[in-house]
Amino acid sequence: MIKNKKGALEFSFTWIFAIIAGMFILFLAIYGVAKFMNIERASQDAKTAMSIGVLTNPLESSFETTKRSMIGLPVETRIYTGCKNLSGFFGEQTIKVSQKTYNEWSTEGVNVSFPNKYIFSENPAEGKNFYLFSKPFELPFKVGDLIYLTSTKDKYCFKNAPNNIKKEIENLIGINPSANENFFTKDFDCPEGSINICFSGGNSLGNDCDIKVNVNSGYVEKDDKKMYYEGDALMYAAIFSNKNDYECQLDRLMKRTGQLSDIYRDKSTFVFEKTGCYSGLDSRLVLLKNNAENLGNSENLNTIYSLAEDIARENDYGVCRLW
Amino acid sequence: MVNKSAQMKNKKIFQLPNKKNGQGMKSKISPASPFAKKAQMKIQQMSFMLLGVFLFFALVGMIIITVKFSGLKQDATDLRDRNAMLLASKLANSPEFSCGEAYGNQKTDCIDEDKVMALKENIGKYENVGKNTNFWGASNIEIRRIYPKYENKTCTSTNYPNCDTIILIDKPISGFDHSNFVALCRKEKYKRYESDSIADAKAKKDDVINICEMGRVIVWYEEVK
Chain L
23 MIKNKKGALE
33 FSFTWIFAII
43 AGMFILFLAI
53 YGVAKFMNIE
63 RASQDAKTAM
73 SIGVLTNPLE
83 SSFETTKRSM
93 IGLPVETRIY
103 TGCKNLSGFF
113 GEQTIKVSQK
123 TYNEWSTEGV
133 NVSFPNKYIF
143 SENPAEGKNF
153 YLFSKPFELP
163 FKVGDLIYLT
173 STKDKYCFKN
183 APNNIKKEIE
193 NLIGINPSAN
203 ENFFTKDFDC
213 PEGSINICFS
223 GGNSLGNDCD
233 IKVNVNSGYV
243 EKDDKKMYYE
253 GDALMYAAIF
263 SNKNDYECQL
273 DRLMKRTGQL
283 SDIYRDKSTF
293 VFEKTGCYSG
303 LDSRLVLLKN
313 NAENLGNSEN
323 LNTIYSLAED
333 IARENDYGVC
343 RLW
Chain V
182 MVNKSAQMKN
192 KKIFQLPNKK
202 NGQGMKSKIS
212 PASPFAKKAQ
222 MKIQQMSFML
232 LGVFLFFALV
242 GMIIITVKFS
252 GLKQDATDLR
262 DRNAMLLASK
272 LANSPEFSCG
282 EAYGNQKTDC
292 IDEDKVMALK
302 ENIGKYENVG
312 KNTNFWGASN
322 IEIRRIYPKY
332 ENKTCTSTNY
342 PNCDTIILID
352 KPISGFDHSN
362 FVALCRKEKY
372 KRYESDSIAD
382 AKAKKDDVIN
392 ICEMGRVIVW
402 YEEVK
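Each protein sequence line maps, in turn, to chains L and V.
Take this note's numbering: the final residue in the first sequence is number 345, and no numbers are missing along the way.
Take this note's numbering: the final residue in the second sequence is number 406, and no numbers are missing along the way.
Structure follows, in structure tokens:
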């Protein structure tokens, strides 16, 4: 009886072969689809990162002081902005994104590089809608536009801000603030859980400050680290980014300052040879280039700024303006 | 007899199902027997079929991947196109090109020709900073004077300003382009021409004057291949 029943479990070789081959084909198909999905996700992430960079082109300012625009993405996205100061001559701004699909974050996509951009943001900035605003950075000529990226999810409360900053933020907000608004200048407007940015002229600040701005000494204190600034453009940069990125971007900006100094010096010589009109800035531009390229870190900014102010004065009242 | 001895030498055992009872049965079958030939035939059929199925799916997969990747290249080209378009509209505001206040008040879409000529001399550092792109993310940038036309020559430091086209990067221009109208400004020594109106006579001979003319900035990009 038992001997006879044993046959019921036996398979023919054809069946075994078909099952093994079928399994192999199925495995290959599933593996291929999974790989393909990963590639598709990565390409989507790269496309989004590239689009973000491309969309910042209109933020290049001419004589306007501040510009703001909003980027809306179809799904929840984390934007990682990075800074590389050693690649190429001017360093690179990198952007990569990770998107939420089926309630799961994709692995961080590939880095897309932009040598001519300077983006300051939380790392990562997470959300579906992002505000971008830009300010020109001048030393004393325009060096570049600094772009500040914030998620509409992160609410920023500017407490005790100086009048010029307050006015600027209010201009960005506009008369009718949108539902997505993430900048607030009045204490009573600030939603719960907002990031408190406290301004002071050396006075002691409350305990509820996430970011402290000392306007007299010219530094921003964030995560117990000090970032020194000169001018509003760098102040916002320090507020919205972190110490490492800030110092790295500053280094990139100084490299561009050095290069622009060379261009202006060459222009000065060129115009003098052509017209006899001399700017008288050649030697100071060389000094500016040297100082910029050997800045070190933000703590030494004030030395280069006093030189830049002298150059600006000379250029403004000179016969032959260079910029 | 022959079968039996061959069976002894070859100790291969084939299992065949008992069709009648639906139960397997152990039996020794010679490879030359009709059963063995039938089984071999079936295996061959099956392997050909599987090979066919496998090749079919591989082919379908390859077609899908090819279509997808050609779409990816198209997407990359579209992004370059969009970048070039936005860049052309804003390049004049870039510090390396903008007039600033060198020619009076701040002007929008104004390119400082003198500065661009100085940039041309220093272009090395702005070239090839990315993968096949320059600092601005385009493959080349050209500035062309539209009016008045001079000798339709490419500008060099020797023939400037009596020329019409400044090509920033010294490599053959290929691909597609986007352009934007701009003002091209430069400083010049005033030369009085007979055609100059009385209003122009505010400047004396050899005075340094600002000249702004009409031009076009062209941004080139290459298709992703």
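For every residue, glycine included, the Cβ atom is placed at its ideal position computed from N, Cα and C.
query, result
"From this set, Glu315(L), Asp288(L) and Val341(L), which residue's C-alpha is nearest Ile304(V)'s C-alpha?", "Asp288(L)"
"Using a Cβ distance threshold of 8 Å, determine whether the region 320-330 of chain V contacts the region 346-356 of chain V, with at least three qualifying pairs required.", "yes"
"Determine the direct distance from the alpha carbon of Thr339(V) to that of Asp254(L), and round the result to whole angstroms.", "42 Å"
"So does the region 140-148 of chain L actually touch the region 91-108 of chain L, counting three or more Cβ pairs closer than 8 Å?", "yes"
"Short of 7 Å in beta carbon distance, which residues of its chain neighbour Cys342(L), apart from the five on each side in sequence? Order them along the chain.", "Val293, Cys299, Tyr300 and Ser301"
"Could you spell out where the alpha helix (DSSP H) holding Asp332(L) opens and where it closes?", "Leu323 to Tyr339"
"If Leu323(L) sits next to Tyr250(L), beta carbons under 8 Å apart, how far is it from one beta carbon to the other, in whole angstroms?", "5 Å"
"Using 8 Å as the limit for Cβ to Cβ distance, is Phe237(V) near chain L?", "no"
"Taking Met227(V) as the query, report the chain L residues whose CB atoms sit under 7 Å from its CB, ordered along the chain.", "Thr36, Phe39 and Ala40"
"What does Met222(V) touch in chain L if you count any residue whose Cβ is under 9 Å from its own?", "Near Met222(V) there are no residues of chain L at all, since even the closest Cβ is about 10 Å away, more than 9 Å."
"Quick one: does Glu277(V) have its CB under 8 Å from some CB of chain L?", "yes"
"Taking the straight line between their C-alpha atoms, what separation do you get for Ser200(L) and Thr70(L)?", "24 Å"
"Any beta carbon from chain L within less than 8 Å of Lys386(V)'s own beta carbon?", "no"
"Answer with buried or exposed for Gly203(V), where buried requires no fewer than 16 other C-beta atoms within 10 angstroms of its C-beta.", "Here Gly203(V) scores only 46 on pLDDT, less than 50, and its place in the model is too uncertain to base an answer on."
"Chain L partners of Leu451(V), CB-CB under 8 Å?", "Given that chain V is displayed from residue 182 to residue 406, the structure contains no residue 451(V) and the question cannot be resolved."
"Is the region 118-128 of chain L in contact with the region 184-196 of chain L, if contact means three or more CB pairs nearer than 8 Å?", "no"
"Using the beta-carbon of each residue, which ones in chain L are nearer than 8 Å to Ala283(V)?", "Arg343, Leu344 and Trp345"
"Counting only Cβ pairs nearer than 8 Å, list the residues of chain V close to Ala183(L).", "What Ala183(L) touches in chain V: nothing, since even the nearest Cβ is about 27 Å away."
"Whose Cβ in chain L lies nearer than 9 Å to the Cβ of Asn264(V)?", "Met72, Gly75, Val76 and Asn79"
"Measure the alpha-carbon distance for Glu114(L) versus Arg278(L) and round it to whole angstroms.", "12 Å"
"Whole angstroms is fine: what's the gap from Asn391(V)'s alpha carbon to Thr247(V)'s?", "56 Å"
"At a CB-CB cut-off below 7 Å, which residues of chain V make contact with Cys299(L)?", "Lys368 and Val389"
"As a quick exercise: from Lys386(V), Glu394(V) and Glu404(V), pick the residue whose alpha carbon is nearest that of Cys291(V).", "Glu394(V)"
"Just the Cα atoms here: how many angstroms apart are Asn229(L) and Lys181(L)?", "13 Å"
"With a cut-off of 8 Å on the beta carbons, I'd call Pro162(L) and Ala330(L) a contact; round off their distance for me.", "4 Å"
"Report all residues from its chain with a CB closer than 7 Å to the CB of Lys368(V); omit the five preceding and five following residues, and keep chain order.", "Asp295, Val389 and Asn391"
"Kindly provide the ranges of any beta strand (DSSP E) runs that are 3 or more residues long and lie completely inside the region 46-123 of chain L, ordered along the chain.", "89-106 and 114-123"
"Hey, could you find the ends of the beta strand (DSSP E) Ser143(L) is sitting in?", "Tyr140 to Ser143"
"Beta-carbon of Asp288(L) versus every beta-carbon of chain V: anything under 8 Å?", "yes"
"Tell me which residues of the region 222-254 of chain L have at least one Cβ-Cβ distance to chain V shorter than 8 Å, keeping chain order.", "none"
"Threshold first: 3 residues or longer. Then list the beta strand (DSSP E) segments lying entirely within the region 254-306 of chain V, N to C.", "291-293"
"In chain order, what residues of the same chain have a beta carbon less than 6 Å from the beta carbon of Lys201(V), not counting five sequence neighbours either side?", "No answer about Lys201(V) holds up, because its pLDDT of 48 lies below 50 and its placement is not dependable."
"Under 8 Å: do the region 251-267 of chain V and the region 396-404 of chain V share three or more Cβ pairs, one atom per stretch?", "yes"
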